[in-house]
Amino acid sequence: MIVDNLHTGTCDYGNMDCRLARAFEWLKANDLKAITPDQLVVIDGDRLKAQILAYSTFSPDEVMFEAHRSYIDLQYIVEGREIIEWAPLAKLGKIKVPDDFEKDLVFFEDPERPLRVHVGAGDYVVLFPTDGHKPRVM
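For the sequence shown, this note's numbering assigns the number 140 to the last residue and increments by one with no breaks.
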């Protein structure tokens, strides 16, 4: 997991994976507030897509831990604040909802003591396939 702010920390991380570099470029070049929520934007074929979401946050017991087996998940906060809980995949509980291979998504029972990451406008979190996470927490 990487946590940083778009305006301070993209230089080093873009060297890890060319898709991250391209994603950071796209985030900086677009007015995300002008994009209609609930749409999928194809940036580079199957290699890089942006899913634009607008949502309310919930209490931790109303949201499930999730992971993505194939893709890197970069969550950028356009406005507002939320908490993203994190734990290594190996420490997550049993699978609650089986893999949805089309969406690259699987849900898990909560781990014993997740890390709580507070993020706000301009912040981003990069989550790798080894990172379990619970977004949308207040």
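C-beta atoms are modelled at their ideal positions from N, C-alpha and C, and glycine is treated no differently.
- DSSP, read as helix, strand or coil, puts ASP63 in helix.
- Excluding five sequence positions before and after ALA89, the CB atoms of its chain that fall closer than 6 Å to its own CB belong to PRO113, PRO116, GLY134, given in chain order.
- Annotation for PHE110: the continuous beta strand (DSSP E) segment containing it runs 107-110.
- Contact annotation: VAL119 and ILE79 have beta-carbon atoms that are not nearer than 8 Å.
- In this structure, SER72 lies near ASP106, with their beta-carbon atoms less than 8 Å apart.
- One thing to note: LYS96 has its Cβ within 8 Å of the Cβ of GLU111.
- DSSP assignment within the segment 20-48 yields the following whole alpha helix (DSSP H) runs of 4 residues or more, N-terminal first: 20-31.
- Put simply, the backbone Cα of PRO131 is about 23 Å away from that of GLN41.
- By the criterion of a C-beta distance shorter than 6 Å, LYS136 is surrounded in its chain by VAL65, PHE67, GLU87, once the five residues flanking it on both sides are discounted.
- Within the segment 67-138, the complete beta strand (DSSP E) segments of 3 residues or longer fall at 67-69, 75-78, 83-90, 97-102, 107-110, 117-122, 125-129, listed in chain order.
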